[in-house]
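Residue numbers (the numbering used here): 1 to 184. We put the beta carbon where it would ideally sit given N, CA and C, even for glycine. Predicted, not measured: the structure shown is a model, and the values here were computed from it.
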């Protein structure tokens with residue numbers, strides 16, 4: 001879980017830096033492995049706008065990348081898929097971490113829900129959760145700005161509830177996009 005936690009934090013920071021340095025919008029995409037499925041790992045991918053515009057937004061429909069009918073798509077795949085072994089994500093901090101500062105419901109958000117598939121036919125990876133970084137480095141989980149976006153990470157197998165040391169929250173600052181790690 002330690003390596004998955006550090007890798008997720010690293011991907012988030014790299015995506016934020018990419019958004020700022022390229023003056024564009026970047027989405028960090030997560031898939032959600034099935035509970036207790038040892039062969040299924042959490043995967044993170046990063047896509048970015050080539051034009052610097054918010055091309056994806058927060059779509060309700062499925063998006064397939066690269067688009068078959070658009071060879072010069074406006075969305076480029078920055079990180080195709082990085083596997084984070086033995087970890088899963090959960091909505092909102094459902095964990096008890098003493099060092100995690102309390103935040104009101106209006107101040108925080110969870111990852112956004114969307115449906116994006118990356119890869120060629122027959123070998124596509126499906127991503128259902130995302131966070132977006134803007135050209136100014138802000139982090140968003142919807143069209144609205146929030147103070148925090150919390151990404152709770154739990155072990156894929158075994159106990160992750162209660163006061164287990166194998167649980168963590170990656171707290172992404174809404175205005176700065178900086179990621180802080182909190183764990184027991």
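Excluding the 5 residues flanking it on each side, residue 100 has same chain C-beta neighbours closer than 6 Å at 169, 182, in chain order. Residue 175 has its alpha-carbon roughly 13 Å from the corresponding atom of residue 142. By the Cβ-count criterion, residue 113 is exposed, with fewer than 16 other Cβ atoms from all chains shown falling within 10 Å of its own Cβ. Counting only the Cα atoms, residue 43 lies some 4 Å from residue 83.
Beta-bridge partners assigned by DSSP to residue 1: none are found. Considering only 6, 46, 119, the residue with the shortest C-alpha distance to residue 16 is 46.
Within the same chain, and ignoring the five residues on either side of residue 107 in sequence, the residues whose Cβ sits closer than 7 Å to its Cβ are 146, 147, 148. The three-state reading of DSSP puts residue 99 in coil, since its state is none of H, G, I, E or B.
Taking the Cβ atoms as the reference, residue 75 lies roughly 7 Å from residue 56, within the contact range of under 8 Å. Within the DSSP secondary-structure output, residue 83 pairs in a beta bridge with 43. The residue from 50, 3, 64, 178 with its alpha-carbon nearest to that of residue 119 is 64.
Taking a contact as a CB-CB distance under 8 Å, the pair residue 137 and residue 19 counts as one, their CB atoms being some 7 Å apart. In the three-state reduction of the DSSP assignment, residue 110 falls in the coil class, being assigned neither a helical nor a strand state. By the neighbour-count criterion, in which a residue is buried when 16 or more other Cβ atoms sit within 10 angstroms of its Cβ, residue 110 is buried. Shown here, residue 18 sits in a helix according to DSSP, grouped into three states. Bridge partners of residue 29 according to DSSP: 45, 130. Note on residue 121: under 16 other CB atoms within 10 angstroms of its CB, so exposed under the neighbour-count rule.
Taking the CA atoms as reference points, residue 32 sits about 12 Å from residue 86.
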